[in-house]
Amino acid sequence: MNVLVEKLITTHSLTTEEYAALIEERDAASAEQLALAAVHARRQVYGNAVFTRGLIEISNICKNDCLYCGIRRSNLNCERYRLSKDDILLCAEQGYRFGFRTIVLQGGEDAFFSDAVLCEIIAALKEKHPDCAVTLSMGERSRESYQALFDAGADRYLLRHETANRAHYEALHPAAMSFNNRMRCLRDLREIGYQVGCGFMVGSPFQTAKTLAEDLKFIEDFRPAMVGIGPFIPQKDTPFAHEPAGTAELTCFLLSVLRLIDPTLLLPATTALGTIDPQGREKGILAGANVVMPNLSPVTVRKKYALYDNKICTGEESAQCRGCLQRRMESIGYTLVVDRGDVRR
Ligand code: 5AD
Ligand code: FES
Numbered sequence: 002m003n004v005l006v007e008k009l010i011t012t013h014s015l016t017t018e019e020y021a022a023l024i025e026e027r028d029a030a031s032a033e034q035l036a037l038a039a040v041h042a043r044r045q046v047y048g049n050a051v052f053t054r055g056l057i058e059i060s061n062i063c064k065n066d067c068l069y070c071g072i073r074r075s076n077l078n079c080e081r082y083r084l085s086k087d088d089i090l091l092c093a094e095q096g097y098r099f100g101f102r103t104i105v106l107q108g109g110e111d112a113f114f115s116d117a118v119l120c121e122i123i124a125a126l127k128e129k130h131p132d133c134a135v136t137l138s139m140g141e142r143s144r145e146s147y148q149a150l151f152d153a154g155a156d157r158y159l160l161r162h163e164t165a166n167r168a169h170y171e172a173l174h175p176a177a178m179s180f181n182n183r184m185r186c187l188r189d190l191r192e193i194g195y196q197v198g199c200g201f202m203v204g205s206p207f208q209t210a211k212t213l214a215e216d217l218k219f220i221e222d223f224r225p226a227m228v229g230i231g232p233f234i235p236q237k238d239t240p241f242a243h244e245p246a247g248t249a250e251l252t253c254f255l256l257s258v259l260r261l262i263d264p265t266l267l268l269p270a271t272t273a274l275g276t277i278d279p280q281g282r283e284k285g286i287l288a289g290a291n292v293v294m295p296n297l298s299p300v301t302v303r304k305k306y307a308l309y310d311n312k313i314c315t316g317e318e319s320a321q322c323r324g325c326l327q328r329r330m331e332s333i334g335y336t337l338v339v340d341r342g343d344v345r346r
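According to this note's numbering, the stretch in the sequence shown is residues 2 to 346, in order.
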């Protein structure tokens with residue numbers, strides 16, 4: 002067996018240089034060894050269960066201007082929307098009926114969703130569905146804001162770190178966004194008591210084996226509950242429109258590595274992975290992922306939440322996606338469970 006693969010399986014850790022070498026020198030054999038070990042590690046903690054989260058994209062209005070993202074402020078071709086509290090509660094209620102026990106509210110950094118507005122929505126969700134976890138993915142906010150949302154009942158927060166390398170971060174974001182603030186947010190969220198998810202795109206412009214190795218080392222040290230990774234996919238109205246997309250192959254390889262770094266991790270097989278490869282989500286699960294996050298947004302707004310081009314599931318109803326994923330997971334020997342899907346530590 003590849004010596005680095007063997008070391009990762011036995012110690013759950015490599016040096017940054019070793020992670021870079023593992024990535025750079027990867028081949029079909031090391032990928033298969035990692036996937037096998039990753040699936041075994043996941044089975045010990047989670048069995049054959051695949052957790053689901055119902056994702057509601059509550060607003061595509063964003064004050065930021067990330068160079069890779071289709072809902073960036075500068076994109077005048079993006080038709081903006083925001084959902085009302087009633088819209089959101091309706092989506093959540095449907096989701097509940099379809100068996101979702103985690104509701105994720107995701108959106109751009111839209112000032113309309115002040116603490117007062119969001120707290121009211123969170124409290125209403127928790128009152129109607131006390132057996133559900135509420136996850137937020139609403140970007141960078143102050144510590145006081147994160148605390149208020151937590152006190153209102155939010156359980157989890159997703160904020161991808163995007164890259165653990167400062168220079169790389171600065172190449173992906175405008176000067177107004179800071180790496181330090183991103184990291185400050187993640188630390189605050191964890192200290193407050195959220196189950197925290199970080200993550201990064203695979204194959205983003207300027208990414209190297211070294212920056213990926215730094216991502217892995219960061220995750221090893223930070224110990225998030227969840228890590229969201231998916232291929233970078235160019236969006237036609239962004240500065241990165243003509244950059245090459247990331248691959249399902251490297252995404253799956255990294256899913257296996259992450260599973261071995263921390264067997265208890267919640268690892269979604271993301272929509273971006275399903276977009277770059279029609280079998281991407283199945284491949285992700287077979288590489289060690291254990292979560293899928295189908296869309297619960299109203300079909301009328303789905304196409305407008307276009308972070309990248311050709312996103313899947315923008316024409317399907319929520320019920321269709323649930324059924325589709327159930328079949329997809331069963332076809333590879335897994336089952337979608339009706340469960341909050343908390344991290345098992
Ligand atoms: N391709 C893939 N993923 C993207 N994201 C944003 N834009 C793109 C893109 N073009 C990811 C970012 C963000 C998450 C919500 O979506 O990592 O954190
Ligand atoms: Fe949406 Fe398959 S998951 S159609």
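Where is the CB? At the ideal position from N, CA and C, for every residue including glycine.
Does the Cβ of residue i have 16 or more other Cβ atoms within 10 Å, making it buried, or fewer, making it exposed?
i       : result
Asp-156 : buried
Asn-78  : exposed
Glu-215 : buried
Asn-166 : buried
Pro-279 : exposed
Gln-107 : buried
Ser-143 : exposed
Asn-76  : buried
Ala-226 : buried
Val-105 : buried
Val-118 : exposed
Pro-131 : exposed
Ala-38  : buried
Gln-321 : exposed
Val-4   : exposed
Thr-209 : exposed
Thr-164 : buried
Asp-28  : exposed
Ser-1   : This structure gives no information on residue 1, because the portion of the chain shown stretches from 2 to 346.
Find out if the Cβ-Cβ distance for the pair residue i, residue j is shorter than 7 Å.
i       : j       : result
Asn-311 : Leu-56  : no
Val-46  : Pro-232 : no
Phe-223 : Ile-193 : no
Arg-43  : Asn-61  : no
His-41  : Ile-262 : no
Gly-281 : Ala-249 : yes
Thr-103 : Gly-342 : yes
Ser-332 : Ala-36  : no
Tyr-158 : Tyr-195 : yes
Asn-65  : Glu-110 : yes
Ala-93  : Leu-126 : yes
Phe-207 : Arg-161 : no
Asn-49  : Tyr-335 : yes
Leu-84  : Ile-59  : yes
Phe-241 : Leu-68  : yes
Tyr-147 : Asp-189 : yes
Ala-124 : Ala-153 : yes
Met-294 : Arg-54  : yes
Please look up how many angstroms separate the CB atoms of residue i and residue j, rounded, as I've assumed it's under 8 Å.
i       : j       : result
Asn-291 : Phe-52  : 6 Å
Gly-247 : Val-203 : 4 Å
Lys-284 : Cys-253 : 5 Å
Cys-70  : Thr-239 : 7 Å
Thr-271 : Gly-229 : 6 Å
Tyr-205 : Leu-173 : Contrary to the premise, residue 205 reads as Ser rather than Tyr in this sequence. About 6 Å separates the two Cβ atoms, so the contact holds.
Gly-96  : Ser-319 : 6 Å
Leu-268 : Arg-260 : 6 Å
> Under a criterion of Cβ closer than 6 Å to any non-hydrogen atom of the ligand FES, which residues qualify, in chain order?
Replying inline: Residue list for the ligand FES: Pro-295, Cys-314, Glu-317, Gln-321, Cys-322, Cys-325 and Leu-326 (CB closer than 6 Å to any heavy atom, chain order).
>> I need the residues with a C-beta less than 6 Å from some heavy atom of the ligand 5AD; please give them in chain order.
In response: Tyr-69, Cys-70, Arg-161, Glu-163, Met-202, Gly-231, Phe-233, Ile-234, Gln-236, Ala-273, Leu-308 and Tyr-309
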